[in-house]
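Reading through the structure tokens given below for one structure.
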Amino acid sequence: MIKVAIIGYGNLGRGVERAIKQNEDMELVGVYTRRTPESVQTEGAKAFTMDQLTLKKGDIDVCILCGGSATDLPTQTPEWTHLFNTIDSFDTHAKIPEHFTKVDQVAKENQTTSIISTGWDPGLFSLNRLYAQSILPVGETNTFWGKGVSQGHSDALRRIEGVIDAVQYTIPNSEVIKKLKAGEQLTLTTRDKHFRECFVVLEVGAEEEKIREEIISMPNYFADYDTEVHFISQSELDQEHKAMPHGGTVLHTGITHKNTKQVIEYNLDLQSNPEFTASVLVAYARACVRLAKEKQFGAYTVLDIPPKYLSPRTDEELRKELL
Ligand code: NDP
């Protein structure tokens, strides 16, 4: 049995608790939180303080870090890699090289193994970009996200004065995807690839038109996109928009000899982003334990992991069943 600990219990932490129940070779030792353990509502797992985790060295095969990428993981992953093998889903793309270097140093110094930035993007989408670009070097890769809820954009809406609650959907431009698949050469701007749709609940007295203008002109978030804004009631938002669907497509269009068209498409359609991401983390946790047993210490990303290390099945079974 692989003994797993969850560090941080939000959407992803709950997803990991659920995913472990579907993997017979894994056992959840506990949930470790910065809050008082009694205040954390798990689905059966015991919750403990972070101090209690330090006493568990030797009793845990791998810790799955479920904190947020903005402020938790940059410090938590290096910190816990001092003592344990770790996995995280760090998704601030531009800062991944820096995060990798930090975790790699700690892991090598302390003879632990860490797989960072797993999940679907970064994660499975990164792997598919690598396969596609290596196989069809003459070609172009485009990634489309959605339809799905972007937590970052939803948070940005909620920070606007006069907004009580909000949800933002990222929607890929299906016409553009169709044209690319048909082999059309397109020069695409940010605006061409995705739309944004916002559902916003306002305080009484807040001015709709003023807030709509503030949203669609917000730099870095909405200004570069065509954005639709709908004002709705809190009860409608709670009923219709509190699920966390997501997904997307990595589309690579390439050519081989004499302009022969070749299309590679990898698509995810997820009813629950955190539950799916958690399932990816759990599979990579298995790979992490295997690397650690082989004394392959240091940091890794999904690009470094042999695919068979994700599976609980033997090499022989995999050769027989999957090839
Ligand atoms: P949450 O905000 O739900 O949880 C983050 C942390 O906040 C938890 O670990 C928890 O730590 C704390 N927390 C959770 N709920 C509460 C609460 N009610 N009150 C106070 N603190 C709370 O984030 P998610 O789980 O949704 O996402 C985690 C990260 O996963 C995201 O930042 C994102 O970067 C990443 N992600 C990556 C993906 C990928 O494909 N690579 C895809 C999806 C997400 P504690 O228990 O210690 O308080």
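For what it's worth, full-length UniProt numbering labels the leading residue of the sequence shown as 1, then goes sequentially.
For each residue, glycine too, the CB sits at the ideal point set by N, CA and C.
- In the structure shown, the three-state DSSP call for Glu265 is strand.
- With a cut-off of 7 angstroms, the C-beta of Asn11 is classified as near the ligand NDP, since at least one heavy atom of the ligand falls inside that distance.
- Rounded to the nearest angstrom, the gap between the Cα atoms of Ala206 and Ile6 is 42 angstroms.
- Scanning the stretch 159-218 from its first residue to its last, the whole alpha helix (DSSP H) runs of 4-plus residues come out as 174-181, 190-193 and 208-216.
- The beta carbon of Thr71 sits no closer than 7 angstroms to any heavy atom of the ligand NDP.
- The C-beta distance from Val29 to Ala47 rounds to 11 angstroms, too long to meet the 8 angstroms contact threshold.
- Taking Asp121 as reference, the option from Asp315, Ser150, Asp59 and Ile177 with the minimal CA-CA separation is Ser150.
- Our two residues, His257 and Gly183, have alpha carbons roughly 15 angstroms apart in a direct line.
- The beta carbon of Val263 lies closer than 6 angstroms to those of Lys181 and Thr253 in the same chain, with the five residues before and after it left out.
- Here Ala47 is bridged, per DSSP, to Val31.
- The ligand NDP never approaches Trp80 closely enough for any of its heavy atoms to be under 7 angstroms from the residue's Cβ.
- By the Cβ neighbour-count rule, Ser126 is buried, with 16 or more other Cβ atoms within 10 Å of its own.
- For the stretch 102-159, the continuous beta strand (DSSP E) assignments of 3+ residues that do not extend past its boundaries occur at 113-115 and 139-145, in sequence order.
- Rounded to whole angstroms, the gap between the alpha carbons of Glu197 and Phe297 is 44 angstroms.
- According to the DSSP secondary-structure assignment, His246 is paired through a beta bridge with Leu270.
- Judged by DSSP in its simplified three-state form, His241 adopts coil rather than helix or strand.
- Sequence-distant Cβ neighbours of Gln133 in its own chain, meaning closer than 8 angstroms and more than five residues away, are Gly139, Thr141 and His252.
- Taking C-alpha positions only, Leu310 is separated from Thr54 by approximately 27 angstroms.
- Distances from the CB of Arg129 to the heavy atoms of the ligand NDP are all 7 angstroms or more.
- Using a C-beta cut-off of 8 angstroms, the stretch 108-121 makes contact with the stretch 78-87, since at least three inter-stretch Cβ pairs fall below that distance.
- With a 10 Å radius around the Cβ and a threshold of 16 neighbouring Cβ atoms, Met1 comes out exposed.
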